Amino acid sequence: MMNRRTVLFGLGGALVLGCAGAAGRLSMGYAVPAGDVPIGLSERELSIVRAIVEVLCPEEEGLPGGLALGVHQRIDEEVWSMPQALADDVRSAISALELIPLARYGSRLSRLSPERRVEAFEWMLARAPRVVGQAANALKQMCGLFWYARDETWAAIGYDGPWVKTPRPPPSSVAYAALLAERRGA
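Numbering (our numbering), first residue to last: 63 to 248.
What follows is the structure, given as structure tokens:
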């Protein structure tokens, strides 16, 4: 015979299992290809950044794509060299941009098709709550800056290059490059 206690216990168990399943589903499916090494970001965050770079810096006629140029790895470098409080803010923004599309598109940003990802990102930039739009805009600006900073894009946009011909990277870039080479070689 079923009593109220048994029904509530069963519903509570079903709720716990449902929540655990949903949490598991949201945390699965993040992997980065060989050669991409998360240093400043987690593997999950770098995977999300790859999905964002793929739609914001697509390969077009005469212009290489952001993934081919390593824009996502450059964002990882930038986060690695930031003060901890700022890096935490960027990581939080990346995580928020991943989950916000769940409410409107029924899926995480990185699991949407590239066409739907563009649509979702444009929605976040234009119509999402202000803080979401600011986070999306910040990542868009980082992608654009690091994409245009690569000399492979200069000829296509009519830029002759910097006046200073010998690049002098900051110490943080040198340290990151050494760490990246070490981890790729391991």
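Quick reminder that beta carbons are idealized off the backbone N, C-alpha and C, glycines included.
Values in this document were obtained by computation on a predicted structure and should not be read as measured data.
Using three-state DSSP, classify residue i as helix, strand or coil.
i	result
P233	helix
W209	helix
V133	helix
L164	helix
A158	helix
T228	coil
R189	coil
D250	Nothing can be reported for residue 250, as the shown portion of the chain is limited to 63 through 248.
P176	helix
A151	The sequence given here has Asp at residue 151, not Ala. Here D151 sits in helix by DSSP.
N65	coil
M144	coil
A200	helix
D138	helix
V99	coil
A93	coil
R170	coil
S109	helix
Going by DSSP, which residues form a beta bridge with residue i?
i	result
L125	E122
So residue i and residue j are supposed to be a Cβ contact under 8 Å. How far apart are they, rounded?
i	j	result
V111	L103	7 Å
E139	Y221	Rounded, the Cβ-Cβ distance is 22 Å, inconsistent with contact.
M186	V194	5 Å
A197	A165	Not a contact, Cβ separation roughly 15 Å.
R246	G97	7 Å
R170	E160	5 Å
A190	I162	6 Å
V94	S109	5 Å
S143	S234	4 Å
Hey, is residue i close to the ligand MG, as in C-beta under 7 Å from one of its heavy atoms?
i	result
P232	Absence of the ligand MG is noted for the structure shown, with no ligands found whatsoever.
- Meets three-Cβ-pair contact criterion under 8 Å: the region 166–183 and the region 116–131: yes
- Task: Count the CB pairs spanning the region 126–134 and the region 208–218 that are closer than 8 Å, and state whether there are at least three.
- Result: yes
- Would you check if there are 3 or more beta carbon pairs closer than 8 Å linking the region 219–233 to the region 150–169? Segments in contact, no.
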